[in-house]
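Working notes, beginning with the structure itself.
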Ligand code: SIN
Ligand code: FE
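Dropping the structure here:
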């Protein structure tokens, strides 16, 4: 695992450099901007740093859905309507500025991604008391229980807006290595399309996913990825013995990573913004690195 540090004064980059950055992301590296390329206006930053979550919302991130301009997860006990509208406007600007930046920066993916949700994470991450499968301080790869991606890749762009503290992560080895450890335990590596289908149904039942998402929306790929997320968090031996590195993201920095393939955990830090993109696996500059391709090769069957 490597962190590629990118200085803003080297931008805009050549088309060759943009392809190299895409290839590095696809290879499980983190692209790190010591100074964010999508700065937040000072008055927006002030407002964000003064938010306090309480009550039921204390366990939630605040989510912003750009396609519907909708906010959820905010604290109804401490925020009035005007404040909710203000926060929605801030998230809309953040989401827009990250998208505008990445449209140029990740030129090889243009037209091949969908902008997904953005989130604001005002909680202190250290010592959050969450159920095991929702804990983010255990190494995991991301999968959305209610929103299967059907093979699309999960690219996340973060911004540590804490004025003085780092956001501290642990990062594991990329998918193509860890999957070898987990795949035989999860999918019984079926050799035909029909047995892949049967394995997927067994998985869906075992994970309880069947009741959450209608069958037509999920693919065997989604079921595997959800199961991988759970299996990593539940595997104490993997958590303690797997190869991992500790990474600190400075105040005011940004970074992005394919979180469905790079095992990650957040150990401490407070106040981060995040924007998710769902990228077409066919848009990869190294198409064989897409997890759907890696799995299909392992299983010998179509998983979407
Ligand atoms: C996660 O995606 O697991 C959490 C990352 C973070 O909030 O820093
Ligand atoms: Fe995650």
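In the numbering used here, the protein residues as written are 789 to 1092.
Just so it is clear, CB atoms sit at the ideal spot from N, CA and C, and this is done for glycine as well.
Note that the structure is a prediction, hence the values are computed from the model and not measured.
query	result
Just verifying my parser: in three-state terms, what is the DSSP assignment at residue 952?	coil
Please go through the same chain and pick out, in chain order, the residues whose beta-carbon is closer than 6 Å to the beta-carbon of residue 879, but skip the five residues on each side of it.	852, 906
Can you tell me whether DSSP reads residue 1044 as helix, strand or coil?	strand
Closest Cβ-Cβ distance between residue 839 and chain D: below 8 Å?	The displayed structure is made up of one protein chain only, and chain D is not part of it.
Return the chain-ordered list of same chain residues with a C-beta closer than 6 Å to the C-beta of residue 961, the five sequence neighbours on each side being excluded.	1031
Enumerate, from N- to C-terminal direction, the unbroken alpha helix (DSSP H) stretches of 4 or more residues contained entirely within the stretch 812-886.	830-837
Excluding the 5 residues flanking residue 955 on each side, which residues of the same chain have their C-beta closer than 7 Å to its C-beta?	948, 1037, 1054, 1057, 1060
For the ligand SIN, enumerate in chain order all residues having a CB closer than 7 Å to any of its heavy atoms.	909, 913, 924, 928, 930, 944, 946, 955, 957, 1047, 1052, 1053, 1054, 1057, 1060, 1062
Is the beta carbon of residue 951 less than 8 Å from the beta carbon of residue 829?	no
Find out if the Cβ-Cβ distance for the pair residue 893, residue 1024 is shorter than 8 Å.	no
Look up residue 1064 in the DSSP assignment and give the residues it is bridged to.	944
Measuring alpha carbon to alpha carbon, tell me which of 903, 884, 908 ends up nearest residue 875.	908
Report the rounded CA-to-CA distance for residue 997 versus residue 920, giving the unit in angstroms.	In this predicted model, residue 997 has a pLDDT of only 47, less than 50, meaning its place in the structure is not dependable enough to derive any value.
Buried or exposed: where does residue 1034 fall if 16 or more other Cβ atoms within 10 Å of its Cβ makes it buried?	exposed
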